[in-house]
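Novice:
4 protein chains.
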Amino acid sequence: MKQPLTEEKVFKDPVHNYIHVQDTIIWRLINTKEFQRLRRIRQLGTSYLTFHGAEHSRFSHSLGVYEITRRIISQFERSGYKDWIPEESLLTLCAALLHDLGHGPFSHSIEEAFEMNHEDWTCRIILEDTEITEILRDVEEDFPRKVASVISKTYEHEIVVNLVSSPLDADRMDYLLRDAYYTGVNYGTIDIDRILRMLRPYNGRIVVKESGMHAIEDYLMSRYQMYWQVYFHPVTRSSEIILRQIFRRAKELFQEEYKFRFMIAPLEDLFRGEVTVKQYLMLDEALVQTAFMQWTLEEDELLSDLCTRFIHRKLYKYVEIENLDTDMITEIRSSFAGAGLNPEYDLEIDYPTDLPYDVFRPGAAFDNNQILLLDRNEQLREISEVSDIVRSISGIHRGRYHLYFPQDKLKKALTRLPSSVAEIFAK
Amino acid sequence: MKQPLTEEKVFKDPVHNYIHVQDTIIWRLINTKEFQRLRRIRQLGTSYLTFHGAEHSRFSHSLGVYEITRRIISQFERSGYKDWIPEESLLTLCAALLHDLGHGPFSHSIEEAFEMNHEDWTCRIILEDTEITEILRDVEEDFPRKVASVISKTYEHEIVVNLVSSPLDADRMDYLLRDAYYTGVNYGTIDIDRILRMLRPYNGRIVVKESGMHAIEDYLMSRYQMYWQVYFHPVTRSSEIILRQIFRRAKELFQEEYKFRFMIAPLEDLFRGEVTVKQYLMLDEALVQTAFMQWTLEEDELLSDLCTRFIHRKLYKYVEIENLDTDMITEIRSSFAGAGLNPEYDLEIDYPTDLPYDVFRPGAAFDNNQILLLDRNEQLREISEVSDIVRSISGIHRGRYHLYFPQDKLKKALTRLPSSVAEIFAK
Amino acid sequence: MKQPLTEEKVFKDPVHNYIHVQDTIIWRLINTKEFQRLRRIRQLGTSYLTFHGAEHSRFSHSLGVYEITRRIISQFERSGYKDWIPEESLLTLCAALLHDLGHGPFSHSIEEAFEMNHEDWTCRIILEDTEITEILRDVEEDFPRKVASVISKTYEHEIVVNLVSSPLDADRMDYLLRDAYYTGVNYGTIDIDRILRMLRPYNGRIVVKESGMHAIEDYLMSRYQMYWQVYFHPVTRSSEIILRQIFRRAKELFQEEYKFRFMIAPLEDLFRGEVTVKQYLMLDEALVQTAFMQWTLEEDELLSDLCTRFIHRKLYKYVEIENLDTDMITEIRSSFAGAGLNPEYDLEIDYPTDLPYDVFRPGAAFDNNQILLLDRNEQLREISEVSDIVRSISGIHRGRYHLYFPQDKLKKALTRLPSSVAEIFAK
Amino acid sequence: MKQPLTEEKVFKDPVHNYIHVQDTIIWRLINTKEFQRLRRIRQLGTSYLTFHGAEHSRFSHSLGVYEITRRIISQFERSGYKDWIPEESLLTLCAALLHDLGHGPFSHSIEEAFEMNHEDWTCRIILEDTEITEILRDVEEDFPRKVASVISKTYEHEIVVNLVSSPLDADRMDYLLRDAYYTGVNYGTIDIDRILRMLRPYNGRIVVKESGMHAIEDYLMSRYQMYWQVYFHPVTRSSEIILRQIFRRAKELFQEEYKFRFMIAPLEDLFRGEVTVKQYLMLDEALVQTAFMQWTLEEDELLSDLCTRFIHRKLYKYVEIENLDTDMITEIRSSFAGAGLNPEYDLEIDYPTDLPYDVFRPGAAFDNNQILLLDRNEQLREISEVSDIVRSISGIHRGRYHLYFPQDKLKKALTRLPSSVAEIFAK
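Residue numbers (the numbering used here), protein chains in the order written: chain A, 1 to 427; chain B, 428 to 854; chain C, 855 to 1281; chain D, 1282 to 1708.
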């Protein structure tokens, strides 16, 4: 089933040094226009507005995920682990390479605004007569469906699904390393060689040799730090909020049959809720940014203001408060309205939370979100049973409320707000 | 004249770790829309098509140039070197920060296609009533003009010009380090701390303490390697050729009053040759890429084909030949025409050359393109007089002809070409 | 009081890139024979037997501690923090540079074996007429005493003591970075630039700006990982155990007036318990290793065997057990004796523990072992009050018993041991 | 012949991340006392007196050479190159691991002083009944001889010799990377992954694919820089000169039957010129340093002074002069004698030279010191024929005379020297 290249091809990669391509199918997949499109989607959405180095694309991340998967599999095969199924190698590699294929521009924000799901799009692109589909069919007629089922986690061999999505999958390992490299923060350094050496296929899933526990602890801590330092950075959240507001406002205007100075096909389809695969593939971040740039000149003041903020990075400010209840929110919103502000747009409440690792519930069966350690006696134990540090962090549900708002507008309205509310924003 | 911030601000930067901003003027300049626009212009143009990591922007490079300059000046001041003029610090920092302000999208290609010059645009943006101009005027009325004159190398104090443009300027040092970091090649590693410690202001220009000679040799070798490994990479050249052909074809069509399916203001102005500063500031790579994406659907087959190649990375192939004279070129071109190919578009000849360092001509006066070493007896000597390695490489004018062509088209026409020509491309 | 060098001197350092020496006193101190002796004492004792790269000396660590301290102070002075006392700079730098001066060969083991204390020796070397003393006296007559009092934590200005010893002192920061670099593990990577930028002199002690909390969390986690991965590595513990047994056996023999084939002055004095500063300064790891090498040929079998193990790295094996009580220990020891083993030497019990950070006890006053965060309202809070992650780890008192033993000897005696004991070692 | 370990063992290594041991024979060789002895011999001799980080041992270098060789071979086997002889793998790995086994303490100096050769000692240790010999015999009776013949370059299959010693051997690659890492200079960074990927077994020797030319250029330039920045550093040369003078003086005294305060077996044998393998294996740097430390107390003033200089790092100063002829040298020496200095010890002339790469002489046959490029047409060309940069540097024979002397002594004698001579040293 594999079709080895006559000579291995490589991509120079700052994170893994070289990405090695050894199979014709992989090489051809990379050269499709659907995969090349990922060059035009940033891996970290608007994070580049906080960390100027974070301009890396989903193209490079996807190659990275493929490469890590390749190394894991190659080690499984070299070591002759009997629980690994060598016939599944190519399938696993294809799924790893293509798992992010359906991401749209500024993915998380656009998905929220238009109730889409990138995983569905990934499967559609794999299945619906694209260059990708054609190449996968060259392996076998049913191969596109198999790849899609791995990505949607329904493939029959759980171990293959595990390699592509689980707490220790190649996806997470690549993005920690890559996002750390491009932002320049050094919290993402994990000993990937050691982690890879410690992975074992065991009884239909991927587990970790017990002696690798400290490396996993370190990996989970890195993940924790990256969440709070990078992914949840308030400046990034602020730009995402504005992004979603732009989409919301444009959609409202579209539904009101507002006459846009600038409108373009895939966006229009998006507003209409009828996007074909062909149009979706033309939807990239260049297009979204170009629309926003043009919309800075729109007559609708709100849209124009929001786009100006996004394009020229005049973002919302924020205040952090520890407690916030529904009554307070209602009060703030109504006093905003009373002071001539627009509570729908001039205030956004954000409460970022993340569990770095979900604790094991005693008595429950092992599930796919758990990391299992394999001890010398071939017994499995969920990691937080063994590691103090993992147990300590797995309950942490840290989070504070952040209120985002346009400081210039608020300043002008400050005297019209009740002092109890004004106080919050005056910090 | 300086207006220190109450608290130093920093940007996290993968190359310099932190960029330190200590002056209000610098902080305000960074937050202008003109400077923020540099986020939408890649530092390395189309190189990301060769090195997928090279998505970094001129924004990050400009911050880097500023930071290196800041470190040089801070060292000059800490060491109390008497040949440095402390009053020129802010001017130097502003010029360093802003020196690339006028770069357009895919800068080198667009400049060639439309006979523009980014330095002129930089000066226009600094001088013609932008947010930048306003902030610089807050320093003093004449300050915008001063900054522009440093960038156009006409400022009265040569030492300031030297820091911003000379063989050892902050610009070159940042781009070597940064381009190496983002492409992932490791040829760009230079001992910047040592180089900075060895710089001396001396008699109105920047020279190098003799004991820093080896560090400079290494820097020049890195530059040499980066040119051949990265900047002149044939895949990058191929994409630049297609880019220029797109601009050329679109301009031709525009002049023939072809009706574009998609056309947008700043591009139209560009074709017309009448771009205002305001329009120029809207011209970014997102816009160019969006136009190209839309043009893949144009009726004009040539334009549509070229845009398809660029967007989906189906680039021209190349062959390398050692000798090529005018007669051969004429022969190839006419046989291309005879075989139904378009010699204007289906063949491009490229001959990349670079002098890593220009040798000193004995008897000539020292000029600004030379690196001067300062020995213990306070004598200056041009570096190639002292360093064997620099002397060796300064004469190297390596170069080979590369012929670029669309392989698919050529393949079909191959039998219609005379065998002497067909042979060249059959390799 | 400071005596600036005419030109700054530098040392090339892999961890900090360059160590900058700007004061004549520091330069002269480095060039004394007492400070140069630190080149012959390894920073990590026997860790090189586990991590072959860990051959770095206390000389390089001491330079590193000096350099970090220099950077902290230089930042305090640049920022003009009013709670810093600029007159204490040179004192702080000298104490930072010299704080490890009294370390003996394989420091921790020799201190345990001979009930010595390196801090006392540091003070003696500073005070008792060495080249060091003489140079310090050149600053002022009382300066040696001041430096010694900072090191023994009795100096009147607590802030100076804080910089040299506290949970965030330059000592800990350098050793984490340096030990990680030389062992090659990547758990020690901390964002030292950020930590340094976040330190504030405040009310007579060093505190951390609240926004630096995540960097401190990461630092404490690195410390935690380094302890378990490097400092407490069982192979290192095994070699330390043998080292202590060698010292113990040699001392026993010395007291029994055994006639050593090889004996040498400073060692003899050490056994006798009467070491002068002059002799102590001749006591380095070369000497200890040479003695051990020669003792491999001693007639006393035990000493010869132990030295052979150490020199040729034939270390003790270990088993790990979760619970161990006094009865069990007594049983094991007596059964060892019964089986012809030597319970004094053929069994060592090790229980490594460490608190990565000591939690704040509510109600208690702030003490020097705490890390205090300074919030926007200039309020101090102990870090574990604010950081979930620090609170989580500060209670962790992990530890397991390790039994170390000579496997070859045990193997032969195994059948003579009761099965309950044999079982433990048979794993 | 190979005996795979049940589970691969690794060593953590800062340069290669992990050293992988897959064969029982290799594992057992590493654990011999002869190989462990290399922990007590520094890789860079006295360089630690210049670069304080350079304390790394020949043990770690030897593991590194083994690891690079392992990677090369593993790639040859994975790619199925037909010119490689898989049966020679274990032999090549053993020779790579053991090639430095015979190095003595401060190797180059001791070899010069006592006319020894570490390669001969390597072969003796491999052949003369050591733990090493015994293990190699377990492979086959004749295996020790084979390993020794590879190291002495007489083995029948040149390709095996090539991997262990040639301009692109694993030895050179490891030391460039390792010495750069431990000294902290960044000139040694080479793209080892790329170089390894470009190596090809071809017609009984190792050649380089032409597309790897730039990586080789960079490697040769790194080598050039490392020579001038590190290996030939004047401070290191100064310490080596003193080292050789100590050996010379001690030997003179020994021959004069001087009664040493401290003398020890392997040294005595060395002076006598009769060292057995057993004694040689006890000769390590700890022993040499201990002797020197004790000799600082010798009655012979010259020996005591030299040892004091070495141990406490009070080295000779130097002056650099461009031309020096025999007459001048004679004059200086005689005027030294006249001024009461000792021309045999108070003056050393050093003229370090190195050819970074030996140019190909047209017409000559390819020899083992050449790097050959393999082009697409399977033609071999010596690299300097193709690379301008290699051609440029291969003729460079840079060098200047350095005169080393004890500054304190010279200062006192300065007035007694003729002014023409005094002038040279007064700089």
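Built from N, CA and C at the ideal position, the CB exists for glycine as well.
Quick check on DSSP: helix, strand or coil for N589/B?
Specialist: Helix.
Novice: Answer with yes or no whether the minimum CB distance from A1232/D to chain C is below 7 Å.
Specialist: Given a span of 1282 to 1708 for chain D in the structure shown, any question on residue 1232/D remains unanswerable.
Novice: Is it buried or exposed, D1381/D, if we count other Cβ atoms within 10 angstroms and call 16 or more buried?
Specialist: Buried is the call here.
Novice: Between which two residues does the beta strand (DSSP E) harbouring R1662/D extend?
Specialist: Counting along the chain, the beta strand (DSSP E) containing R1662/D begins and ends at L1661 to E1663.
Novice: Quick check for students: name the residue ranges of the beta strand (DSSP E) that lie wholly in the segment 727-789 of chain B, counting only runs of 3 or more.
Specialist: As far as the segment 727-789 of chain B is concerned, its whole beta strand (DSSP E) runs of at least 3 residues are 744-748 and 775-777.
Novice: Residues of the segment 304-323 of chain A in Cβ contact with chain B at a cutoff of 9 Å, in chain order, please.
Specialist: Hits within the stretch, in order: T308, I311, H312, R313 and K314.
Novice: Ordered along the chain, which non-local residues of its own chain (more than five positions away) have a Cβ less than 7 Å from that of E775/B?
Specialist: Counting only Cβ-Cβ distances below 7 Å, and skipping sequence neighbours, we find I668 and Y831.
Novice: Starting from V1466/D, find everything on chain C with Cβ-Cβ shorter than 8 Å and list it in chain order.
Specialist: Those within 8 Å of V1466/D in chain C are K866.
Novice: Is there a C-beta anywhere in chain C that falls below 7 Å from the one on Q379/A?
Specialist: Judged by the 7 Å Cβ criterion, Q379/A is not in contact with chain C.
Novice: Would you mind stating whether E747/B and H829/B have Cβ atoms separated by less than 7 Å?
Specialist: A contact, by the Cβ cut-off of 7 Å.
Novice: Can a CB atom of chain C be found closer than 7 Å to the CB of N855/B?
Specialist: For chain B, the structure presents residues 428 to 854; residue 855/B sits outside this window and is missing.
Novice: What does the alpha-carbon distance come out to for the pair E1393/D and T1470/D?
Specialist: C-alpha separation (whole angstroms): 31 Å.
Novice: Compare the C-beta of M198/A against all C-beta atoms of chain C and say whether one is closer than 7 Å.
Specialist: So, not an interface residue.
Novice: Give me the Cβ distance between I1416/D and L1310/D, rounded to the nearest whole Å; I'm assuming they're in contact under 8 Å.
Specialist: Going by Cβ atoms, the distance from I1416/D to L1310/D rounds to 6 Å, so yes, they are a contact pair.
Novice: Please report how far the alpha carbon of R664/B lies from the alpha carbon of P1285/D, in whole angstroms.
Specialist: Those two C-alpha atoms are separated by around 49 Å.
Novice: Is the CB of L221/A under 7 Å away from at least one CB in chain C?
Specialist: Sequence inspection shows Met at residue 221/A; the Leu mentioned does not correspond to that position. Closer than 7 Å: yes.
Novice: Is the beta carbon of N1223/C sitting closer than 7 Å to the one on P959/C?
Specialist: For N1223/C and P959/C, no; Cβs fall outside 7 Å.
Novice: Using the beta-carbon of each residue, which ones in chain D are nearer than 8 Å to D193/A?
Specialist: Chain D residues near D193/A: N1298 and Y1299.
Novice: Just verifying my parser: in three-state terms, what is the DSSP assignment at S1341/D?
Specialist: DSSP places S1341/D in helix when its eight states are reduced to three.
Novice: What residues in the segment 166-177 of chain A bring their beta carbon closer than 9 Å to a beta carbon of chain C?
Specialist: Listed by position along the chain: nothing, the set is empty.
Novice: What does A1377/D reach in chain C if we use C-beta pairs closer than 7 Å?
Specialist: Residues of chain C passing the Cβ test: none, with the nearest at roughly 16 Å.
Novice: Under DSSP, the alpha helix (DSSP H) around V1569/D begins and ends at which residues?
Specialist: Note, V1569/D: alpha helix (DSSP H), E1566 to W1576.
Novice: If distances are taken between C-alpha atoms only, which option among I453/B, W655/B and L603/B comes closest to C521/B?
Specialist: The shortest C-alpha separation from C521/B is found at I453/B.
Novice: Residues in its own chain within less than 7 Å of P628/B by CB, not counting five upstream and five downstream?
Specialist: Excluding residues within five positions, the ones whose Cβ falls inside 7 Å are F503, Y508, D510, W511 and I586.
Novice: Counting only Cβ-Cβ distances shorter than 9 Å, please list the residues of the segment 468-480 of chain B near chain A, keeping chain order.
Specialist: Within the segment 468-480 of chain B, the residues whose Cβ lies closer than 9 Å to some Cβ of chain A are R469, Y475, L476, T477, F478, H479 and G480, listed in chain order.
Novice: Could you check the C-alpha separation between H1495/D and D1669/D for me, to the nearest Å?
Specialist: If you take the alpha carbons of H1495/D and D1669/D, they lie about 11 Å apart.
Novice: Identify, in the order they occur along the chain, each residue of the same chain with its Cβ nearer than 7 Å to the Cβ of R1098/C, setting aside the five sequence neighbours on each side.
Specialist: Correct list, in chain order: S963, E966 and A967.
Novice: Should K1540/D go down as buried or exposed, given a rule of 16 or more other Cβ atoms within 10 Å for buried?
Specialist: Looking at its Cβ environment, which holds fewer than 16 other Cβ atoms inside 10 Å, K1540/D is exposed.
Novice: For P86/A and A170/A, I'd like the C-alpha separation in whole angstroms.
Specialist: The straight-line gap from Cα to Cα measures roughly 18 Å.
Novice: What in chain C is Cβ-close to W295/A, meaning under 7 Å?
Specialist: Under the 7 Å cutoff, chain C gives no residues; its nearest Cβ is about 35 Å from W295/A.
Novice: By Cβ distance below 7 Å, which residues in the same chain neighbour Y1500/D in space, the five residues on each side in sequence not counted?
Specialist: Answer for Y1500/D: I1471 and I1476, listed in chain order.
Novice: Hey, K12/A and G631/B: beta-carbon distance below 7 Å or not?
Specialist: Cβ atoms of K12/A and G631/B: not closer than 7 Å.
Novice: What separation, rounded to the nearest whole angstrom, lies between the Cα atoms of L373/A and S1492/D?
Specialist: Going by the C-alpha atoms only, they are around 45 Å apart.
Novice: To the nearest angstrom, how far is the alpha carbon of V1213/C from that of D1229/C?
Specialist: Any reading at V1213/C needs caution, since the residue's pLDDT is 44, under 50, leaving its predicted position unreliable; the model's value is listed next. Between V1213/C and D1229/C, the C-alpha separation is close to 19 Å.
Novice: Please confirm if Q1284/D has its CB atom under 7 Å from at least one CB of chain B.
Specialist: Cβ-Cβ to chain B under 7 Å: no for Q1284/D.
Novice: Could you check whether the Cβ of S487/B sits closer than 7 Å to any Cβ belonging to chain A?
Specialist: By this cut-off, S487/B is an interface position.
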